[in-house]
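K.L.:
For the record, the sequence lines run as chains L and G. The C-terminal position of the first sequence is numbered 442 in UniProt numbering, with every residue numbered one higher than the one before it. The C-terminal position of the second sequence is numbered 442 in UniProt numbering, with every residue numbered one higher than the one before it. Just dropping this structure here.
Number of protein chains: 2
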Amino acid sequence: MNKLEEYLNAHERSEIHPSDIAKILKQLDDAEFSAAIKLVPKDLIGDVALALPDRYFDDIVENLSVDELKHAVSELESDDQVDFMHELEELDENIASEVFDTLDEEDRKEIIKLQTYEEEEAGAYMQLEIFTAYKNEIVHDVIRRFAELRKSKVIENIQNLFIVSSDNRLLYTVGLDDLLVFDFKKTLLENIEQSEDSFEPKKAEDRENIKDVVHYFEEYDLSVMPIVNAYGILLGRITSDDIYDIINEHATEQMYHLAGVDDDAEEYDEIFRAGKKRASWLGINLFTAIFASMVIGLFADTLESMVALAVLMPIVASMGGNAGTQSLTVVVRQLALGGISKGDAMRIIKKEILISLMNGLIFAVVMGIVAAIWFNINMLGVVIALSMVINLLMAGFFGAAIPLFLKKIDIDPAIGSTVILTTVTDVVGFFSFLALATYILL
Amino acid sequence: MNKLEEYLNAHERSEIHPSDIAKILKQLDDAEFSAAIKLVPKDLIGDVALALPDRYFDDIVENLSVDELKHAVSELESDDQVDFMHELEELDENIASEVFDTLDEEDRKEIIKLQTYEEEEAGAYMQLEIFTAYKNEIVHDVIRRFAELRKSKVIENIQNLFIVSSDNRLLYTVGLDDLLVFDFKKTLLENIEQSEDSFEPKKAEDRENIKDVVHYFEEYDLSVMPIVNAYGILLGRITSDDIYDIINEHATEQMYHLAGVDDDAEEYDEIFRAGKKRASWLGINLFTAIFASMVIGLFADTLESMVALAVLMPIVASMGGNAGTQSLTVVVRQLALGGISKGDAMRIIKKEILISLMNGLIFAVVMGIVAAIWFNINMLGVVIALSMVINLLMAGFFGAAIPLFLKKIDIDPAIGSTVILTTVTDVVGFFSFLALATYILL
């Protein structure tokens, strides 16, 4: 008996969770996986597939018929249906369209509706299953209707009741904790008017940037947010579990961009796709590295007459690159988290320059002494110290200024800023060191 | 009339949100800020202080008396009280202890209790305000009690009822959506027994690592989680808004560690503190850069006889560093997100080696041709191409192996891995290039 069988036998149906199944599946080898996947309750298989890393998706699809796939999709909530169909299309368009054609008309409509949104739009992340009522309904009736919807599993994980007008515009959000203390015999509106609390909904528009919506969740400590269109018509909701995923994805995207990696390409197990994307960044880096080398080439005569310069030169560039990366990372991250507001640019640049000046001076002294002793040439120490101060200062300035500038012109400050920065620190490092050496030592 | 006054006049008391006040305060200059802070409703000032970036904290405290501070703290939820007192202690221990002494005994006890937890323990993030009931209570009575607690603002943002035994052990978690469809005339236990749903609580222990707790939230799509001690006694709860903050903090920590920056030191506006921490990483980098330079020093004769080598040498190191950082970043991030399970190490290393080999070959050819033409020495092209392949291969291997190894021996894979990696890619880059040049060209 395999581990999954053990788990399924040990738990009642209501206690079985797709994430637990996914955890067990991840530990199995290929043969066990194929056998185990057939044991997963059919109504959970969609959730299990989405809980597993993307690279398992084809293994799951391989082991299922179109009919089973259709069943898996129909059991999912609308936002998850879209994710599942998206994965399926990436894997095999024919199977995807076969599955799509067998779905209920309502599911098909919902999927098409959600697929119209761009990846950065809030609408792309909402689910359409919501609990709504009209303001003149008696609370007792609303609760009875809720019980029925819940029993039939049409809606799950409900925390709010959305009160809409007859043309479906969102009027109020009532938490279930509010609803529970309402007078059940009165209408919703009567209760709302008698209450001291505010039922003004915190809402977002479907075309708003999802990053702004995440900020609303963070600022207002929300666990659910209704999504409306430009006319205020209620469309769906975004829940806290989506927000966890989005926060993680955005942080991943940012880290990857700083390192010259594409987050979409890395998701799958296709080495060629990830490698190609990485190659494009390495290509840019090669280009800038050659440019920096041409700067070195300007001083070929100097290098020929003093080989110590060739030995020490990478230290200046390396220290500048590292100090600059420190500044860059802090500024990029704080820009993303909203820790830097408009008009803050000068404060940030000043801070980074001060830090880099402080550290530049410290390491200039240390490295100056080391170089002077190592090669027994005092003025070599002075040269490397001076160029270290210059390069770290530039590193601090550009480490702060590059992302601030990119943000200002509405470009993602994480993309490309590293390569611009290291070009600066390499070029300034090599040039200042070799030029000073030419001038002072020769 | 300043902007804050406008906002406060335009909104009813129940609609005023601390985050909105914080947003307005951030736009004011120092003089306006002092005037505005006095307008903030006193019961909101604690929340406003916590909603602002840390560097505003002293401006707020300066403008408040001990009595006002006490009032601000007493209005906060327990987890926020601890945060506020922590900030206050950092700022001024005397004021902090004065404020602490004026607090109610219950508040003092709760703060002391929560302060016993380490930063990485789940207990440090919980709030103690929860809604509990015994299993034999009639639902109707429970709801009446809830209404009273809510009215008196003892508990807020409630989504769950926790059912405990007489000795306070957590038995069941009942969502308010469940409670709403219960038979109000029966006891909680009768309702639970008649339901098909599972009320088995998803809980975490107070001493568990908060990172694991965050993973539970993500995996099980939770918006609230009860926290118990080792004996199962219910202590408090963690809510989704805490999880947003923690996910963001952990991602920040990771990015900062990769760049050699300390997240705690950067939080404040003290340039010296942040600079000192950054200096310690730069110091390590200087040490390793000197080591790499000593490797170059081994080939001083070779460099002297062919200055082209000094010009090209940084390209090999730079490409290795960048390719390695790509691998490193992906592996560190996937380790944190749980995308890499145990026994996955070989798959990851293989993948990274393949990608780096693929890109190594491409850029070896490109750079080989460039170098051969640039300096008109064909064998120089062969030398740089060979060393490029070697260094990118090493970069891929170590970029994957370093974080996997650090994780294996229970060290945070983000800390220090960058500096180890760049040491490898610098040393291998310089050594392979100069050794091959010595052997092939001279």
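A virtual CB, placed ideally from N, CA and C, is assigned to each residue, including glycine.
(1) Give the range of the beta strand (DSSP E) segment to which residue 56 of chain L is assigned.
(2) Compare the C-beta of residue 398 of chain L with all C-beta atoms of chain G and state if any pair is closer than 9 Å.
(3) What in chain L is Cβ-close to residue 358 of chain G, meaning under 7 Å?
(4) Report yes if the C-beta distance between residue 296 of chain G and residue 434 of chain G is below 9 Å; otherwise report no.
(5) Any C-beta of chain G within less than 7 Å: which residues of the region 280-305 of chain L qualify?
(6) Quick check on residue 272 of chain L - is its C-beta less than 9 Å from some C-beta in chain G?
(7) For a quick check, are the C-beta atoms of residue 104 of chain G and residue 76 of chain G less than 9 Å apart?
(8) At 4 residues or longer, and completely inside the region 361-416 of chain G: list those alpha helix (DSSP H) runs for me, N to C.
(9) Rounded to the nearest angstrom, what separates residue 213 of chain G and residue 206 of chain G at their Cα positions?
(10) Helix or strand or just coil, what does DSSP make of residue 160 of chain G?
(11) When burial is assigned at 16 or more other CB atoms within 10 Å of the CB, is residue 320 of chain G buried or exposed?
(12) Expressed to the nearest angstrom, what Euclidean distance is found between the alpha-carbon atoms of residue 349 of chain G and residue 170 of chain L?
(13) Check for me: the alpha helix (DSSP H) holding residue 40 of chain G runs from which residue to which?
(14) Starting from the C-beta of residue 132 of chain G, find all residues in its chain whose C-beta is less than 6 Å away, skip the five residues before and the five after it, and write them out in chain order.
(15) I'd like the list of long-range same chain contacts for residue 305 of chain L, defined as Cβ closer than 7 Å, with 5 residues on each side in sequence excluded.
(16) Tell me whether residue 207 of chain L sits in a helix, a strand or coil according to DSSP, three-state version.
(17) Mind pulling the chain G residues with CB within less than 8 Å of residue 325 of chain L?
(18) Just mark residue 440 of chain L as buried or exposed, buried being the case when its beta carbon has 16 or more other beta carbons within 10 Å.
(19) What first and last residue would you give for the alpha helix (DSSP H) that runs through residue 95 of chain G?
(20) Would residue 236 of chain G and residue 127 of chain G be called neighbours here (beta carbons separated by less than 9 Å)?
(21) Looking only at C-alpha atoms, which of G:259, G:335, G:242 sits nearest to residue 332 of chain L?
(22) The alpha helix (DSSP H) spanning residue 18 of chain G covers which residue range?
(23) Determine, for residue 390 of chain L, whether the minimum Cβ-Cβ distance to residues of chain G falls below 9 Å.
(24) Is there contact between the region 344-362 of chain G and the region 413-428 of chain G, where contact requires at least three CB pairs shorter than 8 Å?
(25) For residue 133 of chain L, name the three-state secondary structure that DSSP assigns.
(26) How about residue 430 of chain G: is its C-beta nearer than 9 Å to some C-beta of chain L?
(27) Mind listing the chain G neighbours of residue 177 of chain L? Cutoff is C-beta to C-beta under 8 Å, in chain order.
(28) So, at 7 Å on beta carbons, what are the nonlocal neighbours of residue 91 of chain L in its own chain, with the 5 sequence-adjacent residues on each side left out?
(29) Taking contact to mean 3 or more Cβ pairs, one atom from each stretch, closer than 8 Å, check whether the region 398-416 of chain G and the region 376-386 of chain G are in contact.
(30) Of the residues L:232, L:326, L:150, which one's Cα is nearest the Cα of residue 265 of chain G?
(31) Is the beta carbon of residue 121 of chain G closer than 9 Å to that of residue 444 of chain G?
(32) By DSSP, does residue 226 of chain G sit in helix, in strand, or in coil?
(33) Within 8 Å, do at least three Cβ pairs link the region 39-53 of chain G to the region 79-88 of chain G?
(34) Do you know offhand how far residue 13 of chain L's Cα is from residue 78 of chain L's?
(35) Assuming residue 203 of chain L contacts residue 225 of chain L under a Cβ cut-off of 8 Å, what Cβ separation, rounded to an integer in Å, is found between them?
(36) For a quick check, are the C-beta atoms of residue 194 of chain L and residue 414 of chain L less than 9 Å apart?
P.N.:
Judging by the given coordinates:
(1) Position 56 of the first sequence, counted from the first residue, corresponds to residue 56 of chain L. It is not in any beta strand (DSSP E) - residue 56 of chain L carries neither H nor E in the DSSP assignment.
(2) In the first sequence, residue 398 of chain L corresponds to position 398, counting from 1. No, residue 398 of chain L does not count as interfacial toward chain G.
(3) As a position in the second sequence, residue 358 of chain G is number 358, starting the count at 1. Result: 275.
(4) Residue mapping note: residue 296 of chain G aligns to position 296 of the second sequence, counting from 1. Residue mapping note: residue 434 of chain G aligns to position 434 of the second sequence, counting from 1. Yes, these two residues count as a Cβ contact at 9 Å.
(5) Hits within the stretch, in order: 282, 285, 286, 289, 290, 292, 293, 296, 297, 300, 303, 304.
(6) For this step, residue 272 of chain L is matched to residue 272 along the first sequence. Chain G, which has a Cβ nearer than 9 Å to the Cβ of residue 272 of chain L, makes this yes.
(7) Counting from 1 along the second sequence, the entry for residue 104 of chain G is found at position 104. Counting from 1 along the second sequence, the entry for residue 76 of chain G is found at position 76. Contact: no.
(8) Fully enclosed alpha helix (DSSP H) runs of 4 or longer: 378-408.
(9) Counting from one through the second sequence, the residue named residue 213 of chain G turns up at place 213. Counting from one through the second sequence, the residue named residue 206 of chain G turns up at place 206. If I take the Cα positions, the gap works out to 10 Å.
(10) If you number the second sequence from 1, residue 160 of chain G lands on position 160. In the structure shown, the three-state DSSP call for residue 160 of chain G is strand.
(11) Here residue 320 of chain G corresponds to residue number 320 of the second sequence, with the count starting at 1. Residue 320 of chain G comes out buried.
(12) Start at 1 with the first residue of the second sequence, and residue 349 of chain G comes out as number 349. Start at 1 with the first residue of the first sequence, and residue 170 of chain L comes out as number 170. Taking the Cα positions, residue 349 of chain G is about 52 Å away from residue 170 of chain L.
(13) The residue given as residue 40 of chain G occupies position 40 in the second sequence. In this chain, residue 40 of chain G is not harboured by any alpha helix (DSSP H), its DSSP state being neither H nor E.
(14) Position 132 of the second sequence, counted from the first residue, corresponds to residue 132 of chain G. Hits under 6 Å: 162, 164.
(15) Indexing the first sequence from 1 puts residue 305 of chain L at position 305. Excluding five sequence positions before and after residue 305 of chain L, the CB atoms of its chain that fall closer than 7 Å to its own CB belong to 442, given in chain order.
(16) Position 207 of the first sequence, counted from the first residue, corresponds to residue 207 of chain L. Coil, per DSSP.
(17) Looking up residue 325 of chain L in the first sequence gives position 325. Close to residue 325 of chain L, with beta-carbon spacing below 8 Å, are these residues of chain G in chain order: 259, 260.
(18) Sequence index remark: in the first sequence, residue 440 of chain L carries index 440 (1-based). So residue 440 of chain L counts as exposed.
(19) Position 95 of the second sequence, counting from 1, holds the residue named residue 95 of chain G. Taken as a continuous stretch (DSSP letters only), the alpha helix (DSSP H) holding residue 95 of chain G covers 93-102.
(20) The sequence position of residue 236 of chain G within the second sequence is 236, counting from 1. The sequence position of residue 127 of chain G within the second sequence is 127, counting from 1. Yes.
(21) Residue mapping note: residue 332 of chain L aligns to position 332 of the first sequence, counting from 1. Nearest C-alpha to residue 332 of chain L: G:259.
(22) Locating residue 18 of chain G in the second sequence gives position 18, counting from the first residue. Residue 18 of chain G -> alpha helix (DSSP H) spans 18-26.
(23) For this step, residue 390 of chain L is matched to residue 390 along the first sequence. Residue-level contact by beta carbon fails for residue 390 of chain L and chain G, as no gap is shorter than 9 Å.
(24) No, the region 344-362 of chain G does not touch the region 413-428 of chain G.
(25) To locate residue 133 of chain L, count along the first sequence from 1; it is residue 133. Looking at residue 133 of chain L - three-state DSSP - the assignment turns out to be strand.
(26) Translated into the one-based positions of the second sequence, residue 430 of chain G becomes position 430. At a cut-off of 9 Å between C-beta atoms, residue 430 of chain G counts as an interface residue with respect to chain L.
(27) As a working mapping, residue 177 of chain L is identified with position 177 in the first sequence. Neighbours of residue 177 of chain L on chain G, chain order: 146, 150, 157, 158, 159, 176.
(28) Here residue 91 of chain L refers to the residue found at position 91 of the first sequence. Residues 57, 58, 61 of the same chain have their beta carbon placed closer than 7 Å to that of residue 91 of chain L, with the five preceding and five following residues left out of the count.
(29) No, because fewer than three Cβ pairs between the region 398-416 of chain G and the region 376-386 of chain G fall closer than 8 Å, the two stretches do not touch.
(30) Taking the first residue of the second sequence as 1, we reach residue 265 of chain G at position 265. From the listed residues L:232, L:326, L:150, the smallest Cα separation to residue 265 of chain G is found for L:326.
(31) The structure shown does not extend to residue 444 of chain G, since chain G is modelled only from 1 to 442, so the question has no answer here.
(32) Locating residue 226 of chain G in the second sequence gives position 226, counting from the first residue. Correct three-state label for residue 226 of chain G: strand.
(33) Touching, yes.
(34) Within the first sequence, numbered from 1, the residue matching residue 13 of chain L stands at position 13. Within the first sequence, numbered from 1, the residue matching residue 78 of chain L stands at position 78. Cα-Cα distance, rounded: 23 Å.
(35) If you number the first sequence from 1, residue 203 of chain L lands on position 203. If you number the first sequence from 1, residue 225 of chain L lands on position 225. That pair is a contact at about 7 Å.
(36) The sequence position of residue 194 of chain L within the first sequence is 194, counting from 1. The sequence position of residue 414 of chain L within the first sequence is 414, counting from 1. 9 Å or more divides the Cβ of residue 194 of chain L from the Cβ of residue 414 of chain L.
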